[in-house]
Amino acid sequence: HIRDDHDYLYYRPAAVIGLAANQSITSATWTTVSMGAGANIYLNNGSVWSAATPNRLTPGVAGVWIFAAGVRFATSSAGAVRATRLLFNGTNELRLVAMDTIATNDRIQGTMALERVVNATDYVELQAYQDSGAGLNIIDDIGSFLNTGTWLSAVFMSG
31 HIRDDHDYLY YRPAAVIGLA ANQSITSATW TTVSMGAGAN IYLNNGSVWS
81 AATPNRLTPG VAGVWIFAAG VRFATSSAGA VRATRLLFNG TNELRLVAMD
131 TIATNDRIQG TMALERVVNA TDYVELQAYQ DSGAGLNIID DIGSFLNTGT
181 WLSAVFMSG
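Sequence positions in the sequence shown follow my numbering and run 31 to 189.
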């Protein structure tokens, strides 16, 4: 609910969390990204993110939400695939973004956004995948504002 007893509007429930430190992604394995305290975190009207479950956003309010995410991989020309996806309640893939063959030794970033009707207890997780043949870091969001690192966000739209 986004109104109080006097019918004043509250700010929409929302969260933006960043990766607090670089995280190694095992080659050829989908790995859940664990966001953390100390990163760029914005929480409004509720506990959408919790340190107890740093890998997920739980809306807490049923309705239509917009989820968005970005993953930035460290520099490497090895392998052919970098990918990221959002999982719904740990199993159902909501969105997949795959970056094709790595032609240059450059950082690769994939971003995505989607709208979803959710229950208050549903949750969304961000995962990353790469096939370089060795562990490869995804880059933290420290020192940037959600445009050059790894991040996850959720914004309530309507109930």
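Think of the CB as a built atom: it goes at the ideal place given N, C-alpha and C, for glycine as much as any other residue.
Look at residue i and residue j and say whether their C-beta atoms are less than 8 angstroms apart.
| i | j | result |
| --- | --- | --- |
| Gly78 | Gly90 | In the sequence as presented, Gly is not what sits at residue 78; that position holds Val. Yes; because the gap between Cβ atoms is below 8 angstroms, this pair is in contact. |
| Val94 | Val154 | no |
| Arg125 | Leu156 | no |
| Val63 | Leu73 | no |
| Phe186 | Pro84 | no |
| Ala92 | Asn149 | yes |
| Asn52 | Asn167 | yes |
| Met142 | Leu116 | yes |
| Ile71 | Ile96 | no |
Does DSSP put residue i in a helix, a strand or coil?
| i | result |
| --- | --- |
| Tyr72 | strand |
| Tyr159 | strand |
| Ser64 | coil |
| Ala92 | coil |
| Leu182 | strand |
| Ile168 | strand |
| Ser57 | coil |
| Gly189 | coil |
| Val14 | The shown model of the chain, from 31 to 189, leaves out residue 14, and the question about it has no answer. |
| Leu49 | coil |
| Ser86 | First, the amino acid is wrong: residue 86 is Arg here, not Ser. In this structure, Arg86 counts as strand in the three-state DSSP scheme. |
| Ala44 | strand |
| Gly81 | Checking the sequence, you will find Ala at residue 81 rather than Gly. Looking at Ala81 - three-state DSSP - the assignment turns out to be coil, as it is neither helix nor strand. |
Could you round the C-beta distance between residue i and residue j to whole angstroms and report it? I think they count as a contact, below 8 angstroms.
| i | j | result |
| --- | --- | --- |
| Ala128 | Ala113 | 4 angstroms |
| Thr180 | Val101 | 5 angstroms |
| Ala110 | Ile169 | No, Ala110 and Ile169 are not in contact; Cβ-Cβ is about 20 angstroms, not under 8 angstroms. |
| Ser57 | Ser162 | 6 angstroms |
| Ser188 | Ala45 | Between Ala45 and Ser188 the Cβ distance is about 17 angstroms, and since that is not below 8 angstroms, they are no contact. |
Ordered list of beta strand (DSSP E) runs contained in the region 97 to 125, each at least 3 residues: Taken in chain order, the complete beta strand (DSSP E) segments of 3 residues or longer contained in the region 97 to 125 are 112 to 118.
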